[in-house]
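Novice: To convert a position in the sequence shown, counted from 1, into this note's numbering, add 6.
The beta carbon of each residue, even a glycine, is placed where N, CA and C say it ideally should be.
This is the structure, below, for whatever I ask next.
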Amino acid sequence: VQLQASGGGLVQAGGSLRLSCAASGTTFTIDDMGWYRQAPGNKRELVASISSGGRTNYADSVKGRFTISRDNAKNTINLQMNSLKPEDTAVYYCNAVGSFNENYWGQGTLVTVSS
């Protein structure tokens, strides 16, 4: 499975960005997909995830501001990020979990929120 992420960039606080991730390869093996982020000096943390059935999970810090969606037919997920804060600044990684709990990662896309 290969993951290609896009959509990062620079935005002012309060603004919005949309991240996209497209999966290719043996996509039929994918169960959950999601987004993680890692800020300098911090551990990588889960931002949001979505199951193949559409069940979502969000970090408390982004609830009400971020929305994850999935198109199983196109093997894509999106992360709509609204009301962005400077503390959302990080490299965002697309993640997919396979049937045997193997993890796949995209290349990372930088999101910078200026105050």
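#1: Have a look at G20, R43, N101, D77 and flag the residue whose alpha-carbon is nearest the alpha-carbon of G59.
#2: Give me, in chain order, the residues of the same chain whose beta-carbon lies closer than 7 angstroms to that of A45; leave out the 5 immediate sequence neighbours on both sides.
#3: Return the chain-ordered list of same chain residues with a C-beta closer than 7 angstroms to the C-beta of S89, the five sequence neighbours on each side being excluded.
#4: Shortest alpha-carbon distance to F34 belongs to which of V17, S121, G104?
#5: Check each candidate in V17, D37, W111, G14 and name the one with the smallest Cα separation from I56.
#6: Straight-line CA distance for A54 to F106?
#7: DSSP three-state call for T32: helix, strand or coil?
#8: In whole angstroms, what separates the C-alpha of G14 from that of R50?
Specialist: Well, looking at it:
#1: Counting from one through the sequence shown, the residue named residue 59 turns up at place 53. It is D77 whose Cα lies nearest to the Cα of G59.
#2: As a first step, residue 45 is located in the sequence shown; it is residue number 39 there, counting from the start. Annotation for A45: T95, A96 place their beta carbon closer than 7 angstroms to its own, counting only its chain and skipping 5 residues before and after.
#3: Reading the sequence shown from its first residue, position 83 is the one you call residue 89. Counting only Cβ-Cβ distances below 7 angstroms, and skipping sequence neighbours, we find G20, R71.
#4: Looking up residue 34 in the sequence shown gives position 28. Answer by Cα proximity: G104.
#5: As a first step, residue 56 is located in the sequence shown; it is residue number 50 there, counting from the start. Of the candidates V17, D37, W111, G14, the residue whose Cα lies closest to the Cα of I56 is D37.
#6: One-based indexing of the sequence shown puts residue 54 at position 48. One-based indexing of the sequence shown puts residue 106 at position 100. Our two residues, A54 and F106, have alpha carbons roughly 20 angstroms apart in a direct line.
#7: Residue numbering aside, residue 32 sits at position 26 when the sequence shown is read from its first letter. In the structure shown, T32 sits in coil (DSSP, three-state: anything other than H, G, I, E or B).
#8: Along the sequence shown, read from residue 1 onward, the residue named residue 14 stands at position 8. Along the sequence shown, read from residue 1 onward, the residue named residue 50 stands at position 44. The C-alpha of R50 is placed about 17 angstroms away from the C-alpha of G14.
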